[in-house]
Each structure stands twice: as C-alpha cells, then as structure tokens.
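Asker:
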Amino acid sequence: EIKGENRPGYRAIEEAGEKIYSPFVEFNVTKEEIREIAASLSLSAASRPSAACLATRIAYGQPITPEALEKVEKAEDYLLDLGFTQFRVRMHSNLARIEVTDKEFEGAFRKKEKISRYFKTLGFDYVTLDLEGFRSGSMDEPYMRKRVKYQNNPD
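Count along the sequence shown from 1, then add 8; that gives the number in our numbering.
What follows is the structure, given as structure tokens:
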C-alpha cells in the first residue's frame with residue numbers, strides 16, 4: 009500500500025517486469041477502496057482481514073524458520089478464535105507484540121491474562137500489547153525513521 013515501505017511484493021513486481029500486471033498498483037487504488045468496491049458488490053472479501061505473508065511478522069535479523077512461522081500462526085489463530093478481526097502478532101525473538109485496532113484494544117486488555125497464558129505455552133517469554141495499535145508495515149518503522157533522518161541530514 010505504501011511504496012516507501014519495504015514491501016517484497018512490490019520488488020517482485022518490479023523484478024518481473026511486464027510478466028506481472030498489477031492494476032491496483034498502476035492506478036493507485038488503495039486497500040480501503042478495494043474493500044469499498046467489494047462491499048458494493050456484496051463480496052465476502054470486503055470484511056475479510058488483510059492476510060500478509062507470515063514472514064512479515066518476524067523481526068529483521070531474526071531467522072525465518074518453520075517453527076517461528078508456526079508460533080506466529082498459532083498466536084494469530086488464537087486471537088481470531090477469541091473474536092478479534094484486525095490484528096497482527098509481531099515476533100521479536102522471544103517477545104510477542106500484539107497489534108489490534110483501537111476498536112478492539114479494550115477487549116485485548118480485558119483478555120490479557122488469557123492471551124498471555126496461551127502465548128507463553130507457544131514459547132513466548134514476553135507478551136505485549138502495542139499502544140500504537142494495528143498498522144501495516146510496522147516492522148519497517150525503525151528503518152523508515154532512519155531513512156528519513158538520513159535524507160534530512162546525510163552528514
């Protein structure tokens with residue numbers, strides 16, 4: 009959605025050249041606009057949560073292993089079973105950082121003991137609720153800040 013972010017899908021499109029046609033990117037159609045179009049056509053995809061690759065949940069520099077992906081997947085499946093709809097579980101080594109929307113933040117806080125207990129059975133030592141909430145590309149934020157800082161002051 010934001011081309012300035014580290015988005016492997018965009019890189020794949022650029023590297024493939026004309027082999028991949030991406031009309032939404034070409035015409036700058038946002039994810040929200042796609043949802044609105046889907047809703048106007050009564051398509052179930054309109055309310056389906058985003059489903060980016062699980063590897064995007066793993067912190068930079070941390071190995072992406074089948075075990076790590078399974079841990080994140082089980083954690084997210086658990087949140088889905090608890091009724092959460094738009095969220096991410098970000099894995100920073102042995103810390104799980106949970107992002108939920110503002111609308112679901114209070115519910116996550118109310119269920120904190122239950123969530124923490126389950127996540128610890130998965131092998132997380134620490135379970136946190138991100139105060140900034142759900143946002144796409146949050147793993148890129150530290151790198152984006154460094155890039156902006158460098159662009160403003162390259163010395």
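Backbone N, C-alpha and C fix where the C-beta goes; we use that ideal spot for every residue, glycine too.
The model shown is predicted, which means the values in this text are computed figures rather than measured ones.
(1) With 16 other CB atoms within 10 Å as the buried threshold, where does I10 fall?
(2) Pair every Cβ in the region 49-63 with every Cβ in the region 72-83, then say whether three or more of these pairs are closer than 8 Å.
(3) So the candidates are F35, E23, I123; which of them puts its Cα closest to the Cα of L90?
(4) Count the other CB atoms within 10 Å of the CB of F32; is the residue buried (16 or more) or exposed (fewer)?
(5) Which residues bound the alpha helix (DSSP H) around A83?
(6) Closer than 8 Å by C-beta to F92: which residues in its own chain qualify, once you throw out the five before and the five after it? Chain order, please.
(7) Taking 8 Å as the limit between beta carbons, can you name the residues of its chain near K119, skipping five residues before and five after?
Answerer: This is what the structure holds:
(1) Per-residue confidence for I10 stands at a pLDDT of 47, beneath the threshold of 50, marking its modelled position as unreliable; no derived number is given.
(2) Because the criterion of three Cβ pairs below 8 Å is met, the region 49-63 and the region 72-83 touch.
(3) Of the candidates F35, E23, I123, I123 places its Cα closest to the Cα of L90.
(4) In this structure F32 is exposed. Its beta-carbon is surrounded by fewer than 16 other beta-carbon atoms within 10 angstroms.
(5) Start and end: 74-89.
(6) Hits under 8 Å: V108, E112, G115, A116.
(7) Answer for K119: L90, listed in chain order.
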